[in-house]
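Asks: Sharing a structure here in structure tokens format.
Chains as they are written, first to last, in this note's numbering: chain A, 1 to 152; chain B, 1001 to 1414.
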């Protein structure tokens, strides 16, 4: 009971019900598709850069509560960050969900700390990190919009 | 399932459960409720003991040594081939090839029969209900030969569209590969009728029996198919062992697909002549302990009684279907007239993985996902389903636990 309620914290359930920035972004300049072949989940992340920083970010897709809430919270925290800052944040988030973040450091992740319960469920690490991997792919490739458009 | 059901003595499920050590395990502090039998079945003591006994006191390689243990292992191994032949009602043990499982059996047919028999433009007819293991080997074969893969569509109820099947069966069709019992929907397909129509046109037929071998009586001669494949681990035996039934006339003409020891007649450095089937298709030291375990599993199933277990499983599926249908916001995927073992469904607004996580917290093992049948998910416009799949050792109380778990899902994600 306790580990399940650690996993499905209220903030996660709420973001699953009403995901933020859940939309297609018409004026995106970067985009990437993410797939979890184990479960068939897929999502798309759109990014519009504002100079060096992420000006806007949105997502759409089908996935479990963990993957949807993670994508939703991610779009909130990376806005205004540079690519390097967003990747550093992903690094720490990944350590949080895999249970390798030193104790006491989860507070530094702010809202993202609600995903600490994922570390008790190793198979759900992929769900929590799918949107982050997809964001990283989008940021790495300025041509992503054209390319993923022609692939699908 | 059969008209004689009423005359079959009821199973003593509580006693049979004692044969399965894992069923008394606790998971997350709760008694294990194992409803993931379509993924793999649990193992009764006779199977576990047969494998342990083999390694403890009987282990030797087969078809090689002249020593006591090797001779005994060879006899035991060959006796299981006879048992598999009886289990499927094949006319001879020479028609049984041991493989790693259903997947390898289908790949064997694709690589050996397929590569020698198919030409560019020939058609391979599968269905929209197939497991990836009965799709991908044919796509690989098509890519290698220029053959074309076509698929019989599924109706909204999750049955094969037999009118479309008749249209798709043409003079270009060279192979029909169809699943007997769908792992994603639970549909029992009319394989006998389909095989008959295909054979009238001289089409070679393969039936994927991964799910039917554990749950339905199987008679390959009555079905009339040329090939039938199944896996030991789904029929209460070990992993890593399965079998391919192949009609003798076809096996005789098929070339080897893997080379090595045990599949040859004579070898020189220049050329090799090959052994007759089934040895021709069993290169190298086989999975001897697993074969012994499979033999014990089939013996166990027969001692329980295949008709009796089928009758009880049918009762369980009917009960589960009724109870789960009563729940608000639950939609059953796969409502065919003939079904066995599998209940696939979606819970409105809740992803199957989240359903699975909540049920897991209650000690209930189900499968959440696409069940290696992504085209089925695409057909129904869903990414995944929750699948409960039953075996004869399941009980009504376990289905009640599933229903309680689903109520908790609805509360948590309301």
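Even glycine gets a Cβ: it sits at the ideal position worked out from N, Cα and C. As the structure is a computational prediction, the values presented were derived from the model and not from experiment.
1. Kindly indicate which residue of A:120, A:68, A:59, A:71 has the alpha-carbon position closest to the one of residue 48 of chain A.
2. If you pair each beta-carbon of the region 1252 to 1271 of chain B with each one of the region 1172 to 1187 of chain B, do three or more pairs fall below 8 Å?
3. Taking only three categories from DSSP, how would you classify residue 1223 of chain B?
4. Pull up the DSSP beta-bridge partners for residue 19 of chain A, would you.
5. Measure the alpha-carbon distance for residue 1090 of chain B versus residue 1343 of chain B and round it to whole angstroms.
6. Based on DSSP bridge pairs, tell me the residues matched to residue 1343 of chain B.
7. Going by beta-carbon coordinates alone, are residue 1147 of chain B and residue 1243 of chain B separated by less than 9 Å?
8. Can you check which of these residues, B:1357, B:1309, B:1096, B:1073, is closest to residue 1248 of chain B by C-alpha distance?
9. Nearest to residue 1316 of chain B by alpha carbon, out of B:1402, B:1370, B:1111, B:1305?
10. Taking residue 1139 of chain B as the query, report the chain A residues whose CB atoms sit under 7 Å from its CB, ordered along the chain.
11. Kindly list, in the order they appear in chain A, the residues whose Cβ is closer than 8 Å to that of residue 1386 of chain B.
12. Alpha carbons only, please: which of B:1069, B:1189, B:1115, B:1068 is nearest the one belonging to residue 1128 of chain B?
13. Chain A beta carbons: is any one of them nearer than 9 Å to that of residue 1401 of chain B?
14. Using the C-alpha atoms, what's the distance from residue 1307 of chain B back to residue 1003 of chain B?
15. Count the other CB atoms, across all protein chains shown, that sit within 10 Å of the CB of residue 1080 of chain B; report buried if there are 16 or more and exposed otherwise.
16. Does any residue of chain B have a CB that is nearer than 9 Å to the CB of residue 13 of chain A?
17. Residue 1138 of chain B: which of B:1014, B:1152, B:1211, B:1110 sits nearest, CA to CA?
18. If the cut is a Cβ gap below 9 Å, which residues of chain B does residue 40 of chain A touch?
19. Under three-state DSSP, which class holds residue 138 of chain A?
20. Enumerate, from N- to C-terminal direction, the unbroken alpha helix (DSSP H) stretches of 4 or more residues contained entirely within the region 1208 to 1276 of chain B.
21. Give a yes or no on whether the minimum CB-CB distance between residue 63 of chain A and chain B is below 9 Å.
22. What is the DSSP secondary structure of residue 1078 of chain B, counted as helix, strand or coil?
23. Along the chain, which unbroken stretches of the alpha helix (DSSP H) at least 4 residues long are found entirely within the region 67 to 118 of chain A?
24. Among the candidates B:1134, B:1184, B:1197, B:1135, whose CA atom is the shortest distance from the CA of residue 1164 of chain B?
25. For the region 1019 to 1041 of chain B, which residues have a CB atom closer than 7 Å to at least one CB atom of chain A, in sequence order?
26. Run through DSSP, which three-state label would residue 1361 of chain B get?
27. Please check if any C-beta of chain A sits within less than 9 Å of the C-beta of residue 1413 of chain B.
28. So is residue 1352 of chain B in contact with chain A if we call contact Cβ pairs under 9 Å?
29. Among B:1050, B:1160, B:1330, B:1206, which residue has its Cα nearest to the Cα of residue 1077 of chain B?
30. Can you tell me where the alpha helix (DSSP H) with residue 1403 of chain B in it begins and where it stops?
31. According to DSSP, is residue 1377 of chain B helix, strand or coil?
32. Residues in its own chain within less than 6 Å of residue 1114 of chain B by CB, not counting five upstream and five downstream?
Replies: Judging by the given coordinates:
1. Along the first chain, one-based indexing puts residue 48 of chain A at 48. Closest option to residue 48 of chain A, Cα to Cα, is A:59.
2. no
3. Numbered from 1 along the second chain, position 223 holds the residue referred to as residue 1223 of chain B. Note: residue 1223 of chain B maps to helix in three-state DSSP.
4. The sequence position of residue 19 of chain A within the first chain is 19, counting from 1. Partner(s): none; residue 19 of chain A has no beta bridge.
5. Counting from 1 along the second chain, the entry for residue 1090 of chain B is found at position 90. Counting from 1 along the second chain, the entry for residue 1343 of chain B is found at position 343. If you take the alpha carbons of residue 1090 of chain B and residue 1343 of chain B, they lie about 31 Å apart.
6. On the second chain, residue 1343 of chain B is found 343 positions in, with the first residue counted as 1. Residue 1343 of chain B pairs with B:1388.
7. Numbered from its first residue, the second chain carries residue 1147 of chain B at position 147. Numbered from its first residue, the second chain carries residue 1243 of chain B at position 243. No.
8. The residue labelled residue 1248 of chain B in the question sits at position 248 within the second chain. Closest by alpha carbon: B:1096.
9. Position 316 of the second chain, counting from 1, holds the residue named residue 1316 of chain B. Looking at the Cα atoms, B:1402 is the closest of the given residues.
10. If you number the second chain from 1, residue 1139 of chain B lands on position 139. The contacting residues do not exist; residue 1139 of chain B stays about 16 Å from chain A at best.
11. Position 386 of the second chain, counted from the start, is the residue given in the question as residue 1386 of chain B. Here the premise fails: no neighbours, minimum Cβ distance about 12 Å.
12. The count along the second chain starts at 1 and reaches residue 1128 of chain B at position 128. Ranking the options by Cα distance to residue 1128 of chain B, first place goes to B:1189.
13. Numbered from its first residue, the second chain carries residue 1401 of chain B at position 401. For residue 1401 of chain B, the answer is no, since every Cβ of chain A falls outside 9 Å of its Cβ.
14. To locate residue 1003 of chain B, count along the second chain from 1; it is residue 3. To locate residue 1307 of chain B, count along the second chain from 1; it is residue 307. Residue confidence for residue 1003 of chain B is low, a pLDDT of 47 falling below 50, so the modelled location carries little weight; the figure read from the coordinates is stated next. When rounded, the distance between both Cα atoms is 10 Å.
15. Counting from 1 along the second chain, the entry for residue 1080 of chain B is found at position 80. Buried: at least 16 other Cβ atoms inside 10 Å.
16. Here the question's residue 13 of chain A lines up with position 13 in the first chain. Judged by the 9 Å Cβ criterion, residue 13 of chain A is in contact with chain B.
17. One-based indexing of the second chain puts residue 1138 of chain B at position 138. With distances taken between Cα atoms, residue 1138 of chain B lies closest to B:1110.
18. On the first chain, position 40 is the one that residue 40 of chain A refers to. Simply 1369, 1370, 1374, 1377, 1383, 1384.
19. Sequence index remark: in the first chain, residue 138 of chain A carries index 138 (1-based). Helix, per DSSP.
20. 1212 to 1215, 1220 to 1223, 1248 to 1253
21. As a position in the first chain, residue 63 of chain A is number 63, starting the count at 1. Yes, contact with chain B.
22. Residue 1078 of chain B sits at position 78 when you count from the first residue of the second chain. Reduced to three states, the DSSP call for residue 1078 of chain B is helix.
23. 83 to 97
24. Within the second chain, numbered from 1, the residue matching residue 1164 of chain B stands at position 164. Of B:1134, B:1184, B:1197, B:1135, the residue nearest in Cα terms is B:1197.
25. none
26. Here residue 1361 of chain B corresponds to residue number 361 of the second chain, with the count starting at 1. Correct three-state label for residue 1361 of chain B: helix.
27. For the purposes of this step, residue 1413 of chain B is taken as the residue at position 413 of the second chain. For residue 1413 of chain B, the answer is yes, since a Cβ of chain A falls inside 9 Å of its Cβ.
28. Position 352 of the second chain holds residue 1352 of chain B. So yes, residue 1352 of chain B belongs to the interface.
29. Along the second chain, one-based indexing puts residue 1077 of chain B at 77. The shortest C-alpha separation from residue 1077 of chain B is found at B:1050.
30. To locate residue 1403 of chain B, count along the second chain from 1; it is residue 403. Note, residue 1403 of chain B: alpha helix (DSSP H), 1396 to 1412.
31. Here the question's residue 1377 of chain B lines up with position 377 in the second chain. Helix at residue 1377 of chain B.
32. Reading the second chain from its first residue, position 114 is the one you call residue 1114 of chain B. Excluding sequence neighbours, residue 1114 of chain B sits near 1141.
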